[in-house]
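Those protein sequences? They're chains F and V, same order as listed.
The opening position of the first sequence corresponds to residue 2 in the working numbering, with each subsequent residue numbered one higher.
The opening position of the second sequence corresponds to residue 2 in the working numbering, with each subsequent residue numbered one higher.
The beta-carbon is built from N, C-alpha and C at its ideal position, and this holds for glycine as well.
Small disclaimer: the values here were computed from a predicted structure and weren't measured.
Number of protein chains: 2
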Amino acid sequence: MTIKISIDCMGGDHGPAVTVAAAVAFANREPDVEFLLVGLEADIQSELKKLHATQHPRLKIIHASEVIEMHDPIEVALRRKKDSSMRVAVTQVKEGMAQACVSAGNTGALMAVSRYVLKTMQGVDRPAICSMLPNQKNLPTYMLDLGANVDCEPVHLHQFAIMGSALVSALEGKERPTIGLLNVGEEDIKGNDVVKKTAQLLREDHERGLLNFYGNVEGNDIFKGTTDIVVCDGFVGNVTLKAVEGLGRFVKTTLTESFKSNFLNILGAVIARGALKSISRTMNPSNYNGGSLLGLRGLVFKSHGSADKYSYEWAIQRAFDAAKNDVLARISTSMAKLMPVADPVSSDNNDLPVQKTA
Amino acid sequence: MTIKISIDCMGGDHGPAVTVAAAVAFANREPDVEFLLVGLEADIQSELKKLHATQHPRLKIIHASEVIEMHDPIEVALRRKKDSSMRVAVTQVKEGMAQACVSAGNTGALMAVSRYVLKTMQGVDRPAICSMLPNQKNLPTYMLDLGANVDCEPVHLHQFAIMGSALVSALEGKERPTIGLLNVGEEDIKGNDVVKKTAQLLREDHERGLLNFYGNVEGNDIFKGTTDIVVCDGFVGNVTLKAVEGLGRFVKTTLTESFKSNFLNILGAVIARGALKSISRTMNPSNYNGGSLLGLRGLVFKSHGSADKYSYEWAIQRAFDAAKNDVLARISTSMAKLMPVADPVSSDNNDLPVQKTA
Numbered sequence: 002m003t004i005k006i007s008i009d010c011m012g013g014d015h016g017p018a019v020t021v022a023a024a025v026a027f028a029n030r031e032p033d034v035e036f037l038l039v040g041l042e043a044d045i046q047s048e049l050k051k052l053h054a055t056q057h058p059r060l061k062i063i064h065a066s067e068v069i070e071m072h073d074p075i076e077v078a079l080r081r082k083k084d085s086s087m088r089v090a091v092t093q094v095k096e097g098m099a100q101a102c103v104s105a106g107n108t109g110a111l112m113a114v115s116r117y118v119l120k121t122m123q124g125v126d127r128p129a130i131c132s133m134l135p136n137q138k139n140l141p142t143y144m145l146d147l148g149a150n151v152d153c154e155p156v157h158l159h160q161f162a163i164m165g166s167a168l169v170s171a172l173e174g175k176e177r178p179t180i181g182l183l184n185v186g187e188e189d190i191k192g193n194d195v196v197k198k199t200a201q202l203l204r205e206d207h208e209r210g211l212l213n214f215y216g217n218v219e220g221n222d223i224f225k226g227t228t229d230i231v232v233c234d235g236f237v238g239n240v241t242l243k244a245v246e247g248l249g250r251f252v253k254t255t256l257t258e259s260f261k262s263n264f265l266n267i268l269g270a271v272i273a274r275g276a277l278k279s280i281s282r283t284m285n286p287s288n289y290n291g292g293s294l295l296g297l298r299g300l301v302f303k304s305h306g307s308a309d310k311y312s313y314e315w316a317i318q319r320a321f322d323a324a325k326n327d328v329l330a331r332i333s334t335s336m337a338k339l340m341p342v343a344d345p346v347s348s349d350n351n352d353l354p355v356q357k358t359a
Numbered sequence: 002m003t004i005k006i007s008i009d010c011m012g013g014d015h016g017p018a019v020t021v022a023a024a025v026a027f028a029n030r031e032p033d034v035e036f037l038l039v040g041l042e043a044d045i046q047s048e049l050k051k052l053h054a055t056q057h058p059r060l061k062i063i064h065a066s067e068v069i070e071m072h073d074p075i076e077v078a079l080r081r082k083k084d085s086s087m088r089v090a091v092t093q094v095k096e097g098m099a100q101a102c103v104s105a106g107n108t109g110a111l112m113a114v115s116r117y118v119l120k121t122m123q124g125v126d127r128p129a130i131c132s133m134l135p136n137q138k139n140l141p142t143y144m145l146d147l148g149a150n151v152d153c154e155p156v157h158l159h160q161f162a163i164m165g166s167a168l169v170s171a172l173e174g175k176e177r178p179t180i181g182l183l184n185v186g187e188e189d190i191k192g193n194d195v196v197k198k199t200a201q202l203l204r205e206d207h208e209r210g211l212l213n214f215y216g217n218v219e220g221n222d223i224f225k226g227t228t229d230i231v232v233c234d235g236f237v238g239n240v241t242l243k244a245v246e247g248l249g250r251f252v253k254t255t256l257t258e259s260f261k262s263n264f265l266n267i268l269g270a271v272i273a274r275g276a277l278k279s280i281s282r283t284m285n286p287s288n289y290n291g292g293s294l295l296g297l298r299g300l301v302f303k304s305h306g307s308a309d310k311y312s313y314e315w316a317i318q319r320a321f322d323a324a325k326n327d328v329l330a331r332i333s334t335s336m337a338k339l340m341p342v343a344d345p346v347s348s349d350n351n352d353l354p355v356q357k358t359a
C-alpha cells in the first residue's frame with residue numbers, strides 16, 4: 002500500500018534545501034511512499050533539478066504562494082496567509098489526498114493551522130506534541146506536551162495522559178502503558194498546584210481501571226525508562242527537551258574533540274570505532290526528530306526547525322510508520338474508551354480551550 | 002585563614018556513611034578547613050571510628066537529637082523537630098560558629114529552616130537554589146532557581162536574576178554578567194504570562210543599566226553557554242536539572258557498555274583512556290554537586306540527597322570556596338546596588354512571600 006505524505010517544503014530554517022532533499026532521499030529508499038511537495042513551485046523545482054529528481058514518479062509539486070516565517074504571529078498564519086505551504090500541506094490531509102503531513106515550521110502556527118483545518122478529536126480541548134526519547138531499558142519514553150501548550154490546567158494534562166496512553170497502546174501494542182507525571186519529587190506533597198490536581202485526576206482514573214498511573218516521576222526518570230509515558234505541560238516539556246538535546250550535542254562535541262586530541266586517542270577511537278558508532282546511534286538527537294501532533298483528526302508531524310536532511314528524514318519516517326500502522330484510527334478507538342463522556346462543545350470549538358469536568 | 006563549615010551529617014539518602022566520610026576526606030586534603038559535624042553523636046562517632054578519625058583535631062561533633070526525614074513535611078522540620086541536625090547545622094552559621102553549612106537533606110525543609118533561622122537578605126522575598134552547569138565554552142553556566150520555588154511570580158524571577166547577577170559578579174569577577182530568561186523560544190512573543198512579564202521587568206533594568214539582560218534563551222543555551230546566568234522557576238529548573246543529570250548517567254552507562262562489548266572496543270578504550278577520562282571529568286554530574294541557597298543572610302549549600310562521598314565532597318568544596326572568597330559580603334554589596342528600593346516588610350517577613358513593585 003502506498004502511503005501519501007504531504008511536506009511543507011518551505012518550513013524550517015533551511016526550507017527546500019532540507020525538506021525536498023530529505024523527501025527525495027526517503028522516496029529513493031522507500032518504494033511505498035508518495036510525496037506531495039507543497040510550497041513555492043520554482044524553489045521546489047530548482048531543488049529537484051539539483052537532485053536530478055524532476056522526473057521522479059512519486060514526487061508531486063503542489064504550489065502554495067505564501068510562506069509562514071518563524072517569527073510570524075499565529076494570527077498571521079491563521080487569518081492572513083491562507084495560501085501558505087503549511088496550510089496547504091495540512092489541507093491535503095483534511096481532504097484525504099495525504100495520510101500524514103510533515104512540517105518544520107513555526108510550532109505555534111503549525112498547531113493553530115492543524116487545529117483549524119483538521120479539528121480536534123472528540124473530548125480533546127488542546128492537542129499536544131508527543132515525541133520519543135531513548136531510555137536505559139532500550140525502549141522509547143514517550144513524552145508530551147513538548148511545546149504546544151505553555152499554560153496548562155489540570156484538565157489539559159489529564160487529557161495529555163489519555164492521548165499518550167492511546168498512542169502508546171496503538172504504536173507499541175501495550176494494553177496498559179504506564180504513565181508518569183513529571184514533577185520535582187516522587188512524593189504526593191511535591192509540586193505546584195496544577196501538578197497536584199492532575200495527580201488526583203489520574204489517580205481516580207487509575208482506580209477506575211482506565212489508566213495505568215504510576216505516580217510522580219522526576220526528570221531523570223525520562224532516561225531511566227521508569228514509565229512508558231511522561232506527562233508535563235508544554236513549557237516544561239519544551240525546555241527539558243531542548244536542554245537534553247543541548248547536552249547531547251555537547252557530549253558529541255566533547256567526544257569528538259577528546260578523541261582527536263592526540264595520537265593515542267585517535268588510535269583508540271579508530272580501534273573502538275564500533276563502540277563510538279553505537280554510542281552515536283543511541284545518543285544522536287536527530288534519530289528522535291519528529292513529534293506527533295496528538296489529538297487532531299489527522300496525522301501531523303513536527304520536525305525541528307533546525308533539522309538537517311538526515312534529521313528531517315526521521316520525521317518523515319515517523320509520519321510514514323504512523324500512517325502505515327493506521328495509528329489515527331487506533332488512537333481514536335482507544336480515546337473513545339478512555340475519554341470522559343464527550344462534551345459536544347469542545348470538539349467543535351477549536352479556538353478556545355473549554356474547561357471540562359472529568 | 003581557617004574556614005569553619007557545619008555539616009548536617011544526618012541529611013541525604015546515606016547519612017553519616019557519606020557525609021562524615023566526605024568531611025574526613027576533605028579535611029585530610031585541605032588544612033585550612035574545620036568541620037562541625039552535626040547529628041546523632043553515636044552515629045557520627047561510629048563512622049569516625051571506621052575511618053580512624055576520632056582524634057582528628059579539625060573535626061568536632063555537635064550532637065543534635067532529631068533527624069529530618071526526606072518525606073517530612075516542612076511544618077515538621079520547622080515547628081516540631083527543633084533539635085534536628087539540619088536546624089542545628091544552620092544555626093551554627095547564624096551564630097557565627099561556622100561560615101557555611103552543607104546539607105543533603107530534604108530541599109524544602111532546608112530552605113524553610115535556613116530562611117527561618119538566617120532570614121533573607123534585604124529586598125529578597127524568596128531565596129533560590131543556584132548551581133553551575135558545564136558549557137561548551139568551558140565556562141560555568143549558573144542556573145537558578147533549581148527547586149526552591151515551584152510557583153513563581155514575575156517579581157520572584159526578577160529577584161532571581163538580580164541574585165544570580167550578584168553571585169556571578171562576586172564569584173567570577175565579571176562586572177556585568179549576562180542573564181538569559183529560560184523560555185520556549187527566543188522571540189518576545191514566546192512563553193507563558195509569567196515569563197513575558199518577567200522579560201519586561203528585566204528589559205527595564207537593562208535599559209537603566211542595572212542588569213545585563215540578554216533576552217530569552219532556550220534549553221540548549223544552557224550548554225551552549227549563551228549567557229552566564231539562566232533564570233527560571235524552581236519547577237522548570239528542577240525538572241531540567243534532573244533530566245540532564247539522567248541523560249548524563251545514561252551516556253556514561255552507554256559509553257561503559259559499548260567499550261566493554263568486544264575485544265577491539267576494550268583495546269580502543271585502553272589506548273584512548275586519556276580521552277575517556279577527560280570526557281568523564283567534563284560530563285560527571287558529581288562534579289557539579291552543590292547548589293547555593295541564594296538570598297539568605299548566611300551561606301548554605303545543598304547537596305543532592307543521593308550524593309556519594311565523591312559528589313558530597315564537591316558540595317563541601319563549593320561551600321569552602323564561597324566562604325574563602327567572602328561571597329556573602331560581596332553578594333550583599335552587589336544586591337544593595339541592584340535591588341529596587343527596599344521594602345522594610347519583606348526582609349523580616351520570612352514566612353509569606355510579599356508582592357513587591359519593581
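If the cut is a Cβ gap below 7 angstroms, which residues of chain F does I280 (chain V) touch?
On the second sequence, residue 280 (chain V) is found 279 positions in, with the first residue counted as 1. Those are T255, L256, S259, listed as they occur along chain F.
Locate the alpha helix (DSSP H) running through P32 (chain V), then write down its first and last residues.
Translated into the one-based positions of the second sequence, residue 32 (chain V) becomes position 31. That residue, P32 (chain V), is in no alpha helix (DSSP H); it is neither H nor E in DSSP.
Distance check for T334 (chain F) and N184 (chain F), CA to CA, integer angstroms please.
One-based indexing of the first sequence puts residue 184 (chain F) at position 183. One-based indexing of the first sequence puts residue 334 (chain F) at position 333. When rounded, the distance between both Cα atoms is 30 angstroms.
Given a cut-off of 8 angstroms on the beta-carbon distance, is the pair R127 (chain F) and H157 (chain F) in contact?
As a first step, residue 127 (chain F) must be located in the first sequence, where it is residue number 126. As a first step, residue 157 (chain F) must be located in the first sequence, where it is residue number 156. Yes, the Cβ-Cβ distance between R127 (chain F) and H157 (chain F) is below 8 angstroms.
Just checking: is the beta-carbon of A359 (chain F) within a distance shorter than 8 angstroms of some beta-carbon in chain V?
One-based indexing of the first sequence puts residue 359 (chain F) at position 358. Unreliable positioning characterises A359 (chain F) in this predicted model, as indicated by a pLDDT of 32, which lies under 50. The coordinate reading is nonetheless provided below. Chain V contact via Cβ: absent.
Quick one: Cα of N217 (chain F) to Cα of E70 (chain V), how far?
Counting from 1 along the first sequence, the entry for residue 217 (chain F) is found at position 216. Counting from 1 along the second sequence, the entry for residue 70 (chain V) is found at position 69. Distance between the alpha carbons of N217 (chain F) and E70 (chain V): 19 angstroms.
N- and C-terminal bounds of the alpha helix (DSSP H) containing S259 (chain F)
On the first sequence, position 258 is the one that residue 259 (chain F) refers to. First-last of the alpha helix (DSSP H) with S259 (chain F): 235-260.
Are the region 286-305 of chain V and the region 289-304 of chain F touching, with three or more C-beta to C-beta distances below 8 angstroms?
No contact exists between the region 286-305 of chain V and the region 289-304 of chain F.
Roughly how many angstroms separate the alpha carbons of R116 (chain F) and A101 (chain F), rounded to a whole number?
If you number the first sequence from 1, residue 116 (chain F) lands on position 115. If you number the first sequence from 1, residue 101 (chain F) lands on position 100. Each residue's alpha carbon lies about 14 angstroms from the other.
When you compare only the Cα positions, how much space is there between K225 (chain F) and M98 (chain V)?
Sequence index remark: in the first sequence, residue 225 (chain F) carries index 224 (1-based). Sequence index remark: in the second sequence, residue 98 (chain V) carries index 97 (1-based). One C-alpha to the other measures close to 42 angstroms.
By a C-beta neighbour count over all protein chains shown, 10 Å radius and 16 as the cutoff for buried, is S66 (chain F) buried or exposed?
For the purposes of this step, residue 66 (chain F) is identified with residue 65 of the first sequence, where counting begins at 1. Counting Cβ neighbours within 10 Å, S66 (chain F) comes out exposed, since fewer than 16 surround it.
Beta carbon of P17 (chain F), beta carbon of E42 (chain F): below 8 angstroms?
For the purposes of this step, residue 17 (chain F) is taken as the residue at position 16 of the first sequence. For the purposes of this step, residue 42 (chain F) is taken as the residue at position 41 of the first sequence. Contact flag unset, no.
For V114 (chain F), which residues of its own chain have a beta-carbon under 7 angstroms away from its beta-carbon, when the five flanking residues on both sides are left out?
To locate residue 114 (chain F), count along the first sequence from 1; it is residue 113. The answer, listed in chain order, is A78, L79, M87, R88, V91.
Between P74 (chain F) and chain V, is the shortest Cβ-Cβ distance under 8 angstroms, so that the two count as touching?
For this step, residue 74 (chain F) is matched to residue 73 along the first sequence. Taking Cβ atoms only, chain V reaches closer than 8 angstroms to P74 (chain F), which makes this a yes.
Might you give, ordered along the chain, the residues of its own chain that have their beta carbon closer than 6 angstroms to the beta carbon of M11 (chain F), omitting 5 neighbours on each side?
Taking the first residue of the first sequence as position 1, residue 11 (chain F) is located at position 10. Apart from sequence neighbours up to five positions away, the residues of its chain that approach M11 (chain F) with a beta-carbon distance below 6 angstroms are G40, V68, S86, ordered along the chain.
Reference I45 (chain V), options V:D14, V:I8, V:P74, closest by Cα
The sequence position of residue 45 (chain V) within the second sequence is 44, counting from 1. Closest in C-alpha terms to I45 (chain V), from the list V:D14, V:I8, V:P74, comes V:I8.
Could you spell out where the alpha helix (DSSP H) holding A337 (chain V) opens and where it closes?
Start at 1 with the first residue of the second sequence, and residue 337 (chain V) comes out as number 336. 328-339 is the extent of the alpha helix (DSSP H) around A337 (chain V).
Limits of the unbroken alpha helix (DSSP H) element including Y311 (chain F):
Here residue 311 (chain F) is taken as the residue at index 310 of the first sequence, counted from 1. Here the alpha helix (DSSP H) through Y311 (chain F) covers 310-325.
Bridge partners of G292 (chain V), per DSSP?
Residue numbering aside, residue 292 (chain V) sits at position 291 when the second sequence is read from its first letter. The secondary-structure analysis by DSSP pairs G292 (chain V) across a beta bridge with V:K303.
Can you tell me which of F:A162, F:N285, F:A26 puts its alpha carbon nearest to the alpha carbon of D206 (chain F)?
Mapped onto the first sequence, residue 206 (chain F) falls at position 205. If we check each option's Cα against that of D206 (chain F), F:A162 comes out closest.
Return the chain-ordered list of same chain residues with a C-beta closer than 8 angstroms to the C-beta of V361 (chain F), the five sequence neighbours on each side being excluded.
Outside the shown range of chain F (2 to 359) lies residue 361 (chain F), about which nothing can therefore be said.
Beta-carbon of G40 (chain F) versus every beta-carbon of chain V: anything under 8 angstroms?
The sequence position of residue 40 (chain F) within the first sequence is 39, counting from 1. By this cut-off, G40 (chain F) is not an interface position.
With burial defined as no fewer than 16 other Cβ atoms inside 10 Å of the residue's Cβ, what is the status of I6 (chain V): buried or exposed?
Sequence index remark: in the second sequence, residue 6 (chain V) carries index 5 (1-based). Within a 10 Å sphere around the beta-carbon of I6 (chain V) sit 16 or more other beta-carbons, which makes this residue buried.
Hey, could you find the ends of the beta strand (DSSP E) G181 (chain F) is sitting in?
Numbered from its first residue, the first sequence carries residue 181 (chain F) at position 180. Judged by DSSP secondary structure, G181 (chain F) falls within the beta strand (DSSP E) whose first and last residues are 179-183.
Could you check what DSSP says for V103 (chain F) in three-state terms: helix, strand or coil?
Looking up residue 103 (chain F) in the first sequence gives position 102. Three-state DSSP puts V103 (chain F) in a strand.
S279 (chain V) to N266 (chain F), Cα distance in whole Å?
Taking the first residue of the second sequence as 1, we reach residue 279 (chain V) at position 278. Taking the first residue of the first sequence as 1, we reach residue 266 (chain F) at position 265. Each residue's Cα considered, the two are about 11 angstroms apart.
Please report the distance separating the alpha-carbon of F260 (chain F) from that of E314 (chain V).
Residue 260 (chain F) sits at position 259 when you count from the first residue of the first sequence. Residue 314 (chain V) sits at position 313 when you count from the first residue of the second sequence. Their Cα atoms are separated by approximately 29 angstroms.
Closer than 9 angstroms by beta-carbon distance: list the chain F residues that pair up with A26 (chain V), in chain order.
Counting from one through the second sequence, the residue named residue 26 (chain V) turns up at place 25. Within 9 angstroms Cβ-Cβ: nothing; A26 (chain V) doesn't reach chain F, min ~26 angstroms.
Which residues, in order along the region 315-336 of chain V, keep a beta-carbon less than 8 angstroms from a beta-carbon of chain F?
Under the 8 angstroms Cβ criterion, the region 315-336 of chain V contributes no residue.
Relative to the C-alpha of V232 (chain F), which candidate in F:G210, F:M164, F:A276 has its C-alpha closest?
Against the first sequence, residue 232 (chain F) aligns to sequence position 231. When each option's Cα is compared against that of V232 (chain F), the closest is F:M164.
Secondary structure at M11 (chain F), three-state DSSP: helix, strand or coil?
What you label residue 11 (chain F) is simply residue 10 of the first sequence in a count that begins at 1. Coil at M11 (chain F), not helix or strand.
Going by DSSP in three states, E67 (chain V) sits in which element: helix, strand or coil?
Here residue 67 (chain V) corresponds to residue number 66 of the second sequence, with the count starting at 1. When DSSP states are grouped into helix, strand and coil, E67 (chain V) belongs to the strand group.
Examine chain V for any beta-carbon lying closer than 8 angstroms to the beta-carbon of G269 (chain F), and answer yes or no.
Start at 1 with the first residue of the first sequence, and residue 269 (chain F) comes out as number 268. Answer yes: the Cβ-Cβ gap between G269 (chain F) and chain V drops below 8 angstroms somewhere.
Cβ neighbours of G106 (chain F) in the same chain (closer than 7 angstroms, five flanking residues each side left out):
Position 105 of the first sequence, counted from the start, is the residue given in the question as residue 106 (chain F). Answer for G106 (chain F): D9, G12, G13, I69, M87, listed in chain order.
Under 8 angstroms between C-beta atoms, does A273 (chain F) make it to chain V?
As a working mapping, residue 273 (chain F) is identified with position 272 in the first sequence. Answer yes: the Cβ-Cβ gap between A273 (chain F) and chain V drops below 8 angstroms somewhere.
Given K310 (chain V), which residues of its chain have a CB within under 7 angstroms of its CB, disregarding the five upstream and five downstream residues?
One-based indexing of the second sequence puts residue 310 (chain V) at position 309. Cβ neighbours of K310 (chain V) within its own chain (closer than 7 angstroms, five residues either side excluded): V19, A22, A23, A26.
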